[in-house]
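For reference, the structure is listed below as C-alpha coordinates.
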Amino acid sequence: MQKYIITGKNSQETAASMLNKPQNRKEITDPLAKAFGAEFVEFLYLNHPEFDFMCVVMAKKDEDIAAVSNLIYASGAFTTFNWYRAFEAEEWKNVYELASNNMASYISAKQKAQEE
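In terms of our numbering, the sequence shown opens at residue 596 and continues consecutively.
Listed below in C-alpha coordinates is the structure:
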(Lines of atoms letter the chains of each structure in order from A and count residues from 1; the text may use other names and numbers.)
(Lines give C-alpha, C1' and ligand atoms only; values in the text may rest on other atoms or scores of the structure.)
Protein backbone atom coordinates (compact mmCIF):
# COMPACT_ATOMS: atom_id res chain seq x y z
CA MET A 1 0.00 0.00 0.00
CA GLN A 2 1.13 3.54 -0.77
CA LYS A 3 0.75 6.57 1.49
CA TYR A 4 -1.08 9.70 0.33
CA ILE A 5 -1.82 13.13 1.78
CA ILE A 6 -5.15 14.72 0.88
CA THR A 7 -5.95 18.37 1.58
CA GLY A 8 -9.10 20.34 0.96
CA LYS A 9 -10.99 23.52 1.73
CA ASN A 10 -14.61 22.96 2.71
CA SER A 11 -17.17 24.88 0.68
CA GLN A 12 -19.50 27.41 2.30
CA GLU A 13 -22.36 24.96 1.73
CA THR A 14 -20.49 22.21 3.59
CA ALA A 15 -19.71 24.57 6.47
CA ALA A 16 -23.40 25.55 6.68
CA SER A 17 -24.45 21.89 6.62
CA MET A 18 -22.00 21.08 9.43
CA LEU A 19 -23.28 24.05 11.43
CA ASN A 20 -26.90 22.95 11.03
CA LYS A 21 -26.12 19.28 11.71
CA PRO A 22 -22.64 18.59 13.14
CA GLN A 23 -21.24 15.33 11.78
CA ASN A 24 -18.23 13.07 12.21
CA ARG A 25 -17.20 13.05 8.55
CA LYS A 26 -14.55 10.36 9.11
CA GLU A 27 -17.22 7.87 10.17
CA ILE A 28 -19.42 8.90 7.25
CA THR A 29 -16.67 8.73 4.60
CA ASP A 30 -14.96 5.57 5.86
CA PRO A 31 -17.17 3.30 3.67
CA LEU A 32 -16.26 5.42 0.63
CA ALA A 33 -12.55 5.00 1.33
CA LYS A 34 -13.03 1.25 1.72
CA ALA A 35 -14.94 1.09 -1.59
CA PHE A 36 -11.71 2.30 -3.25
CA GLY A 37 -9.53 -0.09 -1.25
CA ALA A 38 -8.18 2.74 0.91
CA GLU A 39 -7.99 3.33 4.64
CA PHE A 40 -7.57 6.47 6.72
CA VAL A 41 -4.46 6.76 8.87
CA GLU A 42 -5.23 10.33 10.00
CA PHE A 43 -8.32 12.49 9.45
CA LEU A 44 -7.78 16.06 10.63
CA TYR A 45 -9.37 19.50 10.50
CA LEU A 46 -7.02 22.50 10.54
CA ASN A 47 -7.18 26.27 10.91
CA HIS A 48 -5.07 26.94 7.81
CA PRO A 49 -6.06 29.75 5.41
CA GLU A 50 -5.77 27.61 2.26
CA PHE A 51 -7.13 24.27 3.47
CA ASP A 52 -9.10 23.21 6.51
CA PHE A 53 -9.03 19.45 6.04
CA MET A 54 -6.15 17.00 5.75
CA CYS A 55 -5.96 13.25 5.86
CA VAL A 56 -3.32 10.59 5.48
CA VAL A 57 -4.58 7.62 3.49
CA MET A 58 -3.14 4.25 2.56
CA ALA A 59 -4.17 2.98 -0.88
CA LYS A 60 -2.94 0.54 -3.52
CA LYS A 61 -2.37 2.93 -6.41
CA ASP A 62 -2.57 6.52 -7.62
CA GLU A 63 -5.60 5.79 -9.79
CA ASP A 64 -7.69 4.85 -6.73
CA ILE A 65 -6.88 8.13 -4.98
CA ALA A 66 -7.39 10.13 -8.19
CA ALA A 67 -10.81 8.53 -8.72
CA VAL A 68 -12.10 9.09 -5.18
CA SER A 69 -10.67 12.63 -5.15
CA ASN A 70 -12.44 13.48 -8.41
CA LEU A 71 -15.69 12.06 -7.03
CA ILE A 72 -15.43 14.12 -3.82
CA TYR A 73 -14.41 17.32 -5.62
CA ALA A 74 -17.28 16.93 -8.11
CA SER A 75 -19.73 16.78 -5.19
CA GLY A 76 -19.14 20.47 -4.48
CA ALA A 77 -18.32 19.81 -0.82
CA PHE A 78 -14.87 21.40 -1.25
CA THR A 79 -13.64 24.51 -3.05
CA THR A 80 -10.22 22.86 -3.40
CA PHE A 81 -9.28 19.20 -3.04
CA ASN A 82 -5.76 17.93 -3.72
CA TRP A 83 -3.86 14.70 -3.23
CA TYR A 84 -0.16 13.95 -3.07
CA ARG A 85 1.86 10.76 -2.94
CA ALA A 86 3.86 10.66 0.31
CA PHE A 87 7.11 8.78 0.84
CA GLU A 88 8.73 7.48 3.99
CA ALA A 89 12.40 8.49 4.40
CA GLU A 90 13.71 5.12 3.20
CA GLU A 91 11.40 5.14 0.17
CA TRP A 92 12.59 8.66 -0.75
CA LYS A 93 16.21 7.51 -0.44
CA ASN A 94 15.40 4.70 -2.89
CA VAL A 95 13.89 7.22 -5.32
CA TYR A 96 17.14 9.19 -5.28
CA GLU A 97 19.21 6.02 -5.62
CA LEU A 98 17.25 5.13 -8.75
CA ALA A 99 17.89 8.62 -10.14
CA SER A 100 21.55 8.45 -9.17
CA ASN A 101 22.00 5.09 -10.88
CA ASN A 102 20.53 6.41 -14.12
CA MET A 103 21.76 9.99 -14.28
CA ALA A 104 24.42 9.20 -16.89
CA SER A 105 21.65 8.69 -19.45
CA TYR A 106 20.24 12.23 -18.97
CA ILE A 107 21.26 14.99 -21.37
CA SER A 108 20.08 18.47 -20.43
CA ALA A 109 18.87 20.96 -23.03
CA LYS A 110 21.95 23.09 -22.30
CA GLN A 111 24.31 20.15 -22.92
CA LYS A 112 22.55 19.30 -26.18
CA ALA A 113 22.69 22.92 -27.35
CA GLN A 114 26.43 23.06 -26.68
CA GLU A 115 27.04 19.92 -28.78
CA GLU A 116 25.88 21.53 -32.00
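Cβ atoms here follow ideal geometry from the backbone N, Cα and C, with glycine treated the same way. Owing to the predicted nature of the structure, the values given are computational and were not obtained by experimental measurement.
- Out of Lys656, Ile600 and Tyr640, the CA that lies nearest to the CA of Met613 is found in Tyr640.
- The residue among Phe648, Glu686, Lys621 and Ser606 with its C-alpha nearest the C-alpha of Ile600 is Phe648.
- Rounded to whole angstroms, the Cβ separation of Val652 and Phe635 is 6 Å, and the two are in contact under 8 Å.
- In the displayed model, Lys604 falls within a strand according to three-state DSSP.
- If you ignore the 5 residues before and after Lys598, its C-beta comes within less than 8 Å of the C-beta of Val636, Val651, Val652, Met653, Arg680, Ala681, Phe682 and Glu683, all in its own chain and listed in chain order.
- Fully enclosed beta strand (DSSP E) runs of no fewer than 3 residues occupy 634-640 and 648-654 of the region 609-654, in order along the chain.
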